[in-house]
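K.L.:
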Amino acid sequence: MPARRLPCLPRRTNLRLSRGKRRSAVTGVPDVSPKETWEALRNDPQAALVDVRTDAEWNFVGLPDLGSIAKQAVMIPWQIYPTMQLNGHFADHLHKAGLTPLHKIYFICRSGARSLAAGQAAQAAGFPHAFNVADGFEGPVDGAGHRGNVAGWKAEGLPWRQR
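Under the numbering used here, the letters of the sequence shown match residues 42 to 204, in that order.
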């Protein structure tokens, strides 16, 4: 009697997408990889990147550099340094930056948590096309306790610069 074949398990590459879809179903804000974000920014004139980190992070860690695609990241902190109080004018700042409900807005922070919250707030404020950049600008810490090497914008080799 021939052996029965077991159903195929999803490949590891599909786990990230599945996790993002599950998270999107719960939060309403899909996770998108940094490389997918870069491609969207490069190819879609209605795509914008909003960096929700603090001034201190922009100054000391660096910024996504969109100059090669003739765009600039929109810098709107989700929390105000040093108290880390929520920015009560966040949605107003999105409007002042010229963003509209037609834009596809990709939110990025250090590791993906604040940007998810910012994406949810944006959707609640009438921006339906909000995306969370998975793993953020720096991603999780590596074995030595450093960020920017495992996952995220910097680790994926996307353009960035010091302020």
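We put the beta carbon where it would ideally sit given N, CA and C, even for glycine.
1. If you follow the alpha helix (DSSP H) that alanine 154 is in, where does it begin and where does it stop?
2. Closest to phenylalanine 101 by CA distance: which of Glu179, Gly193, Glu197 is it?
3. Which one or two residues does DSSP pair with isoleucine 121 in a beta bridge?
4. By the DSSP assignment, the alpha helix (DSSP H) with phenylalanine 131 in it spans what residues?
5. Any idea if leucine 157 is buried or exposed, counting beta-carbon neighbours within 10 angstroms, 16 or more meaning buried?
6. Helix, strand or coil for alanine 88 per DSSP?
7. Answer yes or no: do valine 93 and phenylalanine 172 have a C-beta to C-beta separation smaller than 8 Å?
8. Select from Arg155, Gly153, Pro123, Gly167 the residue whose C-alpha is nearest the C-alpha of aspartate 133.
9. Where does proline 105 sit, in a helix, a strand or coil, going by DSSP?
10. Taking the alpha-carbon positions, what's the phenylalanine 148 to proline 169 distance?
11. Is it true that the CB of lysine 112 sits closer than 8 Å to the CB of glutamate 197?
12. In the DSSP assignment, what are the bridge partners of aspartate 72?
13. Going by CA-CA distance only, name the one from Val91, Gly69, Ala81, Ser109 that's closest to cysteine 150.
14. Alpha carbon to alpha carbon, how far is lysine 145 from alanine 89?
15. Can you give the Cα-Cα distance for methionine 125 and aspartate 96, rounded to whole angstroms?
16. Which residue wins for smallest C-alpha separation from arginine 202, given the options Asp85, Leu135, Gly108?
P.N.:
On the basis of the coordinates in this document:
1. Its alpha helix (DSSP H) spans residues 154-165.
2. Nearest to phenylalanine 101 by alpha-carbon distance, out of Glu179, Gly193, Glu197, is Glu179.
3. According to DSSP, isoleucine 121 bridges with Gln126.
4. Judged by DSSP secondary structure, phenylalanine 131 falls within the alpha helix (DSSP H) whose first and last residues are 131-137.
5. Here leucine 157 is buried, its C-beta having at least 16 other C-beta atoms within 10 Å.
6. In the structure shown, alanine 88 adopts extended strand secondary structure according to DSSP, grouped into three states.
7. The answer is no: Cβ separation not under 8 Å.
8. Considering only Arg155, Gly153, Pro123, Gly167, the residue with the shortest C-alpha distance to aspartate 133 is Gly167.
9. Three-state DSSP puts proline 105 in a strand.
10. Rounded to the nearest whole angstrom, the C-alpha separation of phenylalanine 148 and proline 169 is 13 Å.
11. At a Cβ-Cβ threshold of 8 Å, glutamate 197 and lysine 112 do not count as neighbours.
12. Answer is Asn173.
13. Cysteine 150 has its Cα closest to that of Val91, out of Val91, Gly69, Ala81, Ser109.
14. Cα-Cα distance, rounded: 6 Å.
15. Rounded to whole angstroms, methionine 125 to aspartate 96 spans 11 Å at the Cα level.
16. With distances taken between Cα atoms, arginine 202 lies closest to Gly108.
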